[in-house]
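For the protein sequence lines, the chains are Y and Z, in the order given.
Those letters in the first sequence? Residues 61 to 135, by this note's numbering.
Those letters in the second sequence? Residues 1354 to 1515, by this note's numbering.
C-beta: ideal position from N, C-alpha, C; glycine also.
Bear in mind the structure is a predicted one, so any value in this text is a computation, not a measurement.
Have a look at the structure below, then the notes.
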Amino acid sequence: MYNDILSELLPVEKPLLADRIEKMNISLQKGFTDLRWNSQNIDPFINNAMNVVSDVDELVKKMKDNVKKIQNLMG
Amino acid sequence: MEGKALVDKVDERAPIFNNLPPITGALNWTTGLLERITEPMERLSILSQSIKDREEYKDVQKLYNSLCKNLKEYNEQKIIIWEQGVEESTEGKLNKFLLTRQETPLFGEGLVRVNFDPILVRLLREVKYLLLLNIEIPERASLLYKKVDTYRQQTGNLEIIA
Chain Y
61 MYNDILSELL
71 PVEKPLLADR
81 IEKMNISLQK
91 GFTDLRWNSQ
101 NIDPFINNAM
111 NVVSDVDELV
121 KKMKDNVKKI
131 QNLMG
Chain Z
1354 MEGKALVDKV
1364 DERAPIFNNL
1374 PPITGALNWT
1384 TGLLERITEP
1394 MERLSILSQS
1404 IKDREEYKDV
1414 QKLYNSLCKN
1424 LKEYNEQKII
1434 IWEQGVEEST
1444 EGKLNKFLLT
1454 RQETPLFGEG
1464 LVRVNFDPIL
1474 VRLLREVKYL
1484 LLLNIEIPER
1494 ASLLYKKVDT
1504 YRQQTGNLEI
1514 IA
């Protein structure tokens, strides 16, 4: 989801979601610098990241949907 | 060509099923060969003693024994080499971080990638099939395999997130 979200956001949309992107990055951070495959507490990290990222994913989908609706109305 | 020379020569092109990992595939192949030569030998063994005393029978018996020995040595060697690799690789690979960034022209942060080493995937697959063949697994590998479901779930969920 994360990679899709960031690669599909338009340059004008990205600043609107800056705080959500930051939130995702924070939720993933431990996976880059702390947690290894033999670490404890991997599952809570995954659960949390899953929640954060899927919330943003939903939001972005809604946003894209709305944009499309507006475009249709105006077209 | 017979015995050891044959096994060595054929090793390179050992017919391994597409869906079997390399070690299990090789062992599966030699197990099949062993069965194939053992069955006719068993049938011969119920023949009367007078036939068994003949030179031809002794030749066959000798060939059979040496083939068996070579095949078994081949199996053992394959397993030993594999075990050494297991010892060397698991610890370090498990010590990697869960995630890694990969540069992309699409966005500045970089793609998120799940950092589960393909060598571990291969190893877990190998263990699964070795167990099916009832072959003893080195301790390190069986410890790793105990967590196979955990790893599968974790990598699966991380793939969804990433």
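Excluding the five sequence neighbours on either side, which residues of its own chain have a C-beta within less than 6 angstroms of the C-beta of residue i, listed in chain order?
i, result
"Ala109/Y", "Ser87 and Leu88"
"Ser1442/Z", "Ile1472"
Would you check if the distance between the CB atom of residue i and the CB atom of residue j is smaller than 7 angstroms?
i, j, result
"Ile65/Y", "Asp115/Y", "no"
"Met134/Y", "Val112/Y", "no"
"Leu1380/Z", "Asn1428/Z", "yes"
"Asn1468/Z", "Thr1453/Z", "yes"
"Val1501/Z", "Leu1476/Z", "no"
"Phe1450/Z", "Phe92/Y", "yes"
"Lys1446/Z", "Asp1470/Z", "yes"
"Ile1490/Z", "Leu1483/Z", "yes"
"Ile1318/Z", "Lys1431/Z", "Outside the displayed range of chain Z (1354 to 1515) lies residue 1318/Z, so it cannot be described from this structure."
For residue i, count neighbouring Cβ atoms within 10 angstroms of its own Cβ and tell me buried if that reaches 16, exposed if not.
i, result
"Ala1515/Z", "buried"
"Met1370/Z", "Here the sequence assigns Phe to residue 1370/Z, which means Met is not the residue at that position. That one is exposed."
"Glu1479/Z", "buried"
"Pro1393/Z", "exposed"
"Thr1383/Z", "buried"
"Leu119/Y", "exposed"
Expressed to the nearest angstrom, what Euclidean distance is found between the alpha-carbon atoms of residue i and residue j?
i, j, result
"Glu1408/Z", "Ser1398/Z", "15 angstroms"
"Ile1433/Z", "Leu1424/Z", "14 angstroms"
"Ser1401/Z", "Pro1368/Z", "37 angstroms"
"Ile81/Y", "Trp97/Y", "25 angstroms"
"Lys129/Y", "Leu1459/Z", "26 angstroms"
"Lys74/Y", "Asn107/Y", "25 angstroms"
"Thr1529/Z", "Leu77/Y", "Coverage of chain Z is limited to positions 1354 through 1515, which leaves residue 1529/Z absent and any answer about it impossible."
"Trp1435/Z", "Gln1414/Z", "32 angstroms"
"Arg1396/Z", "Lys1411/Z", "15 angstroms"
Within a Cβ cutoff of 7 angstroms, which residues of the same chain sit near residue i, ignoring the five residues on either side of it in sequence?
i, result
"Ile102/Y", "Leu95"
"Gln1455/Z", "Gly1463, Leu1464 and Arg1466"
"Asn63/Y", "none"
(message) If the cut-off is 8 angstroms on Cβ atoms, which residues from the region 1443–1463 of chain Z count as contacting chain Y, listed in chain order?
(response) Taken in chain order, the members of the region 1443–1463 of chain Z whose beta-carbon sits within less than 8 angstroms of a beta-carbon on chain Y are Lys1446, Leu1447, Asn1448, Lys1449, Phe1450, Leu1451, Leu1452, Thr1453, Arg1454, Thr1457, Leu1459, Phe1460 and Glu1462.
(request) Note down, in chain order, all residues in the region 1486–1515 of chain Z with a beta-carbon under 8 angstroms from any beta-carbon belonging to chain Y. (result) Residues of the region 1486–1515 of chain Z whose Cβ lies closer than 8 angstroms to any Cβ of chain Y, in chain order: Tyr1504, Gln1507, Asn1510, Leu1511, Ile1513, Ile1514 and Ala1515.
(message) Beta carbons nearer than 7 angstroms to chain Z: which residues of the region 96–118 of chain Y have them?
(response) For the region 96–118 of chain Y, the residues whose beta carbon sits under 7 angstroms from a beta carbon of chain Z are, in order, Arg96, Trp97, Asn98, Ile102, Ile106, Ala109, Met110 and Val113.
(message) What are the residues in the region 1392–1413 of chain Z lying within 8 angstroms of chain Y by C-beta distance?
(response) Listed by position, the residues of the region 1392–1413 of chain Z near chain Y (Cβ gap below 8 angstroms) amount to none.
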